[in-house]
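Contents: one structure, followed by commentary.
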Amino acid sequence: MTYHNSTLNQTEFDIAVQTFAHHLNISTSKLNAFKEELTLRAYKRGQVIYYDTLDTTHLKFLVRGLITRESYSNTGESYLWMNREPQLFPIEQLFNATQTHEMCTAFHDCLVLCIPKYLLESLCMKDHHLFIRIYELLTLNMKQHIYHNMILTCKTAKDKVIYLINHICENIGIETDAFYEVPASITIQSLGDMAGLSRETVSHIIHDLTTENLVYKDPEHWIISKQLLHSSL
100 MTYHNSTLNQ
110 TEFDIAVQTF
120 AHHLNISTSK
130 LNAFKEELTL
140 RAYKRGQVIY
150 YDTLDTTHLK
160 FLVRGLITRE
170 SYSNTGESYL
180 WMNREPQLFP
190 IEQLFNATQT
200 HEMCTAFHDC
210 LVLCIPKYLL
220 ESLCMKDHHL
230 FIRIYELLTL
240 NMKQHIYHNM
250 ILTCKTAKDK
260 VIYLINHICE
270 NIGIETDAFY
280 EVPASITIQS
290 LGDMAGLSRE
300 TVSHIIHDLT
310 TENLVYKDPE
320 HWIISKQLLH
330 SSL
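Residue numbers (the working numbering): 100 to 332.
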């Protein structure tokens, strides 16, 4: 077992392994025999977790924090999205040897458990319940991308922004009775990048939604009224 930060300790490592086991719906004992091959890393906000991996030997499990992931093509097109804990990524690399044209960055301070890919593949081959769970997680990941791509095909810029906010709230927001809280560190520029719109266009739309009391921003959070989300259904 390895801790790549002087502030990390055995307790945090054990909790990370337990959290990962819970995410996979398996007992921690199944991972205990492989603890020496697991690595717990702490990343500061803005630090690159990986970039354009030629040979993906490890998968990552986001124990705590928020990340951005950006896929890109050889011709310059890119696709940006976000994940929060708990998240196993890039899960599509299991049983797959293709190159990952992707950059992953810590959007907030993050705690990440690194797992050898061969280990997960081996466990899946021996445990069909784990294989089914991995398939469920892969399917959920695919559905999130399908919905995001549907957002990109909306006919109006306002619809794109409203549906994107809905998507963000459901995937990384904190729900209360009347609204969602989303980190204020998600900027207008970030929304524009995810929606395929200019910063100016998104800014005008957010201003209109703020005037309608559907969106509010304080120093720490975006406050998103559920009325906005209901209006997009």
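Backbone N, C-alpha and C fix where the C-beta goes; we use that ideal spot for every residue, glycine too.
Asked, Found
"Run the CB neighbour count on A132, radius 10 Å, all protein chains shown included, and call it buried at 16 or more, exposed below.", "exposed"
"Considering Cα atoms alone, identify which of C223, T167 and L237 is closest to H207.", "T167"
"Check each candidate in H320, R298 and H303 and name the one with the smallest Cα separation from E274.", "H320"
"Between the C-alpha atoms of Y150 and S126, what's the straight-line distance to the nearest angstrom?", "32 Å"
"Pick from T155, G295 and K316: whose alpha carbon is nearest that of E220?", "T155"
"Shortest alpha-carbon distance to L212 belongs to which of M224, H157 and E235?", "H157"
"Taking the beta strand (DSSP E) that E88 belongs to, which residues open and close that run?", "No answer is possible for residue 88: it lies beyond the span of the chain, which begins at 100 and ends at 332."
"Out of C253, L161, K143 and A205, state which residue places its alpha-carbon closest to the alpha-carbon of F112.", "L161"
"Taking the alpha-carbon positions, what's the Y142 to I148 distance?", "7 Å"
"On the CB-based measure, 16 or more other CB atoms within 10 Å of its CB, does F194 come out buried or exposed?", "exposed"
"Within 10 angstroms of its Cβ, does Y279 collect 16 or more other Cβ (buried), or is it exposed?", "buried"
"Counting only runs of 3+ residues fully inside the stretch 159-197, write out the beta strand (DSSP E) ranges in chain order.", "165-171, 177-183 and 186-188"
"Identify every residue that forms a DSSP beta bridge with I114.", "The partner list for I114 (beta bridge, DSSP) is empty, contrary to what the question assumes."
"Quick one: Cα of N270 to Cα of E135, how far?", "32 Å"
"Tell me where the beta strand (DSSP E) around I322 begins and ends.", "H320 to S324"
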